[in-house]
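Residues 659 to 1047 (my numbering) make up the sequence shown, in order. We put the beta carbon where it would ideally sit given N, CA and C, even for glycine.
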Amino acid sequence: MSLSELNTSSPAEIKNKLKGYLTALVIRTLLRDPAIPRNDANELKRLGGKGSFLRRFVQKAKVTQYLDFSLADVFLPEERSGLLQTMDPNMIATILRILDDRDIWILFDDIHTVFTSDDRELTIRFIEGLIYAASDLSVRIYNRMVFVVLFLRSEIFDELTLTAEELDKELGFVWRVNWGRDELVEFLAERIKWALDVERDMEIWKCWCQIFRAETKTAIREVQDYLIERVINGPRDLLLLVENARTAAVAAGASTIDRLHIEQGEYSYGDEKLNQINRNYQHVFSNMKSVLDFLFRQENQDYTRDDLETLLNDKLLTNPQARSDFQDTRWIRTRTPFAFTQILFQVGFIGYWNPTSRRYVFSLEEARPDRAPVQRLSLIHISEPTRPY
């Protein structure tokens, strides 16, 4: 939908209207619970019949990942009275009584994708208002019996913290979600069980053996390490990399995936990751893909920190031609080689060798690469390297 349909850019107004929207969603969820006693269900229907907005929403709305029930309807001037009714103390008290010992979880993923081709600042204001609405409902109004959970990419949240005036009040309810090795290994095992309909109690490493060429737990662990070393953004990246490897295996006529197939799939994976990095950070580090492509196309895959900083300094930061080519890319101008390296870690383009666990670590995990005096650094693939990886 378009932000212009909201007829407002005020986070406070957005918050109040979305509180009504979410409360209507709570009513609809309770009405669909077969365990709700008939008298309570009738009471909920009566509440849901107040005002045309509530009536339409409770009876007809189809809420999908794209919110098919148009948010624009929530912001119509004639619906203000209906929205106010959702915050009526008597209505809230009734819902709390019917909830009893139940709890309701409302999950919103990718909330930044609700709008298309709109002003970035207004999108950020909408997200800000939605955060305030979720906090009000979850903590203050419904006494932690209704949990509204919002999933937002970290780089957008970081951008939000620079502009939102009252976000500091909500920071106690914000969690950074990081995927670790064990969670990803189990995640893919569950995906394999679902896709191949294998035994539910099959051991995790044996699940992996269903699609990867390995016969022992040690051999599978090596495959797991190799894949997860290259994962930047959790499950989505893991699935993308495995799918690329599967495609390579099918093209070769193989029945299982081996290391060669994974390596063959890395280059298309790297290209997609460059596109994602460019999309995700375009409002913070504009033109990122062109900068990275210029720096590393046909360059090495592995570096020491000193070698990498030398490359950054000589090829980009002090090179007159490069400075001219990227003169409109303002975030480059004030960067030192060290600061530029930190950006590469931040966006997940580069990982470092952890000597303790003897593997590469990308931004998937909490990492402090600046604390180690000597490191091997590894890039995601953006082209076939000029030497074997």
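Proximity winner among the options, relative to residue i (alpha-carbon distances)
{"i": "Lys-628", "options": "Glu-887, Phe-954 and Ala-791", "result": "Because the chain in this structure spans residues 659 to 1047, residue 628 falls outside the shown range and cannot be described."}
{"i": "Thr-994", "options": "Leu-966, Tyr-1010 and Thr-1014", "result": "Leu-966"}
{"i": "Val-1053", "options": "Thr-905, Leu-974 and Tyr-939", "result": "Lying outside 659 to 1047, the shown extent of the chain, residue 1053 is not represented and no answer is given."}
{"i": "His-919", "options": "Leu-897, Gly-928 and Val-908", "result": "Val-908"}
{"i": "Arg-745", "options": "Ser-982, Tyr-800 and Glu-887", "result": "Note that residue 745 is Met in the sequence shown here, rather than Arg. Residue Tyr-800 is the option with its Cα nearest to Met-745."}
{"i": "Val-1005", "options": "Ile-685, Arg-988, Gly-838 and Val-889", "result": "Val-889"}
{"i": "Glu-671", "options": "Asp-758, Leu-780, Ala-751 and Arg-755", "result": "Leu-780"}
{"i": "Val-1051", "options": "Asp-960, Gln-868, Ile-789 and Asp-859", "result": "Here the chain covers residues 659 to 1047 and nothing more, so residue 1051 does not appear."}
{"i": "Leu-705", "options": "Pro-692, Ala-693 and Leu-688", "result": "Leu-688"}
{"i": "Arg-937", "options": "Ile-814, Leu-702 and Leu-898", "result": "Ile-814"}
{"i": "Ala-812", "options": "Leu-825, Arg-834 and Ser-668", "result": "Correcting the residue identity first, residue 812 is Ser in this sequence and not Ala. Closest by alpha carbon: Arg-834."}
{"i": "Ile-886", "options": "Leu-970, Asp-951, Asp-840 and Thr-874", "result": "Asp-840"}
{"i": "Ile-764", "options": "Tyr-1010, Ala-682, Leu-898 and Cys-867", "result": "Ala-682"}
{"i": "Ile-935", "options": "Asp-951, Gly-923, Glu-921 and Ser-796", "result": "Asp-951"}
{"i": "Tyr-679", "options": "Asp-794, Lys-947, Thr-819 and Asn-902", "result": "Asp-794"}
{"i": "Asp-761", "options": "Gly-787, Gln-956, Arg-802 and Glu-786", "result": "Arg-802"}
{"i": "Asn-902", "options": "Asp-916, Tyr-927 and Arg-894", "result": "Tyr-927"}
{"i": "Asp-767", "options": "Ile-785, Ala-997, Ile-694 and Pro-695", "result": "Ile-785"}
{"i": "Tyr-884", "options": "Gln-956, Val-684, Ala-822 and Gly-923", "result": "Gly-923"}
{"i": "Glu-804", "options": "Leu-825, Glu-823, Arg-849 and Ile-753", "result": "What sits at residue 804 in the sequence shown is Val, not Glu. The shortest C-alpha separation from Val-804 is found at Ile-753."}
{"i": "Arg-981", "options": "Phe-996, Thr-962, Leu-953 and Val-806", "result": "Leu-953"}
{"i": "Ile-1008", "options": "Leu-969, Arg-991, Asp-986 and Gln-959", "result": "Gln-959"}
{"i": "Ala-912", "options": "Glu-873, Ile-869 and Asp-895", "result": "Ile-869"}
{"i": "Thr-819", "options": "Arg-783, Gly-838 and Asn-836", "result": "Arg-783"}
Residue i: first and last residue of the uninterrupted alpha helix (DSSP H) it sits in
{"i": "Asp-960", "result": "Segment 960-962 is the beta strand (DSSP E) holding Asp-960; no alpha helix (DSSP H) there."}
{"i": "Val-684", "result": "669-689"}
{"i": "Leu-765", "result": "Per DSSP, Leu-765 belongs to no alpha helix (DSSP H); it is in the beta strand (DSSP E), 762-766."}
{"i": "Trp-833", "result": "Unbroken run through Trp-833: none, as it is neither H nor E."}
{"i": "Ile-751", "result": "Per the sequence presented here, residue 751 reads as Ala, with Ile not at that position. Unbroken alpha helix (DSSP H) run through Ala-751: 747-757."}
{"i": "Ile-814", "result": "812-821"}
{"i": "Trp-863", "result": "862-867"}
Assigned secondary structure, residue i (DSSP; H/G/I helix, E/B strand, else coil)
{"i": "Ile-1008", "result": "strand"}
{"i": "Tyr-724", "result": "Summary for Tyr-724: the model assigns pLDDT 42, below 50, so the residue's position carries little reliability, and this model does not support an answer."}
Range of the contiguous beta strand (DSSP E) that encloses residue i
{"i": "Phe-943", "result": "Counting along the chain, Phe-943 falls outside any beta strand (DSSP E), and DSSP gives it neither H nor E."}
{"i": "Phe-984", "result": "No beta strand (DSSP E) contains Phe-984, which DSSP labels as neither H nor E."}
{"i": "Leu-808", "result": "804-808"}
8 Å Cβ cutoff, residue i in contact with chain B
{"i": "Arg-704", "result": "Here there is only one protein chain, and chain B is not present."}
Would you check if there are 3 or more beta carbon pairs closer than 8 Å linking the segment 837-844 to the segment 852-861?
no
Decide if the segment 995-1012 is in contact with the segment 943-961; the criterion is three or more beta carbon pairs, one per stretch, under 8 Å apart.
yes
Which full runs of the alpha helix (DSSP H) of 4+ residues lie inside the segment 887-940, going along the chain?
893-909 and 917-938
Stretch pair the segment 923-935 + the segment 971-989: three plus CB contacts closer than 8 Å
no
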